[in-house]
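These notes are about the structure you will find just below.
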Amino acid sequence: MATPDKLEETFESAKVVNGAAPNGDILNAFMGTEDLISMGGHLLKHMRDEERWGGPNESFKPMDFVIAAHEVARDQTAGEAIETQVRPERRQPLKLSFNMFIGFWLPRVAEVAYGSEYAAQVRSIIDEVQ
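Each residue of the sequence shown is one higher than the one before, counting from 241 in this note's numbering.
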């Protein structure tokens, strides 16, 4: 199931891999960037927003996952908590928040966390939006 807990497990396993001996895991290339790690943490907190999504560990359909990520990216770009109630540490450039975080990083994280079919749906949604 596409839950925040499963996403958090994925992030934690990537940290362990990166802290030890990298084994070529797909997330190794993305988890080393502090800004992407921060946005991933904000996505996780946003996905756990009961008021917005209906539960602390709600299962996210691919469309909901992309919407949550877009809301995080908008807040990161604006430099303030507008959509997510998660205050960014600093304002991020569009190329990082949307091109890297949404266009490049999100589908790859979805694949590792939720599987290739889920990731294909996420990619399809992102392609339609862009």
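Note that the Cβ used here is the ideal one computed from N, Cα and C, for glycine as well. This one's a predicted model, so the numbers in the text were calculated from it and none came from an experiment.
By the Cβ-count criterion, Pro333 is exposed, with fewer than 16 other Cβ atoms from all chains shown falling within 10 Å of its own Cβ.
Between the alpha carbons of Val306 and Ser253 lies a gap of roughly 22 angstroms. Here Met340 carries a helix assignment [DSSP, helix/strand/coil].
Here the region 272-282 lies against the region 334-341, with 3 or more beta-carbon pairs under 8 angstroms apart. Between Asp315 and Pro302, the C-beta gap is not smaller than 8 angstroms, which leaves the two residues out of contact. In terms of Cβ geometry, Val326 and His286 form a close pair [threshold 8 angstroms]. Annotated three-state conformation of Ile322 is coil, per DSSP. Approximately 12 angstroms separates the beta-carbon atoms of Thr317 and His282; this is outside 8 angstroms, ruling out the contact.
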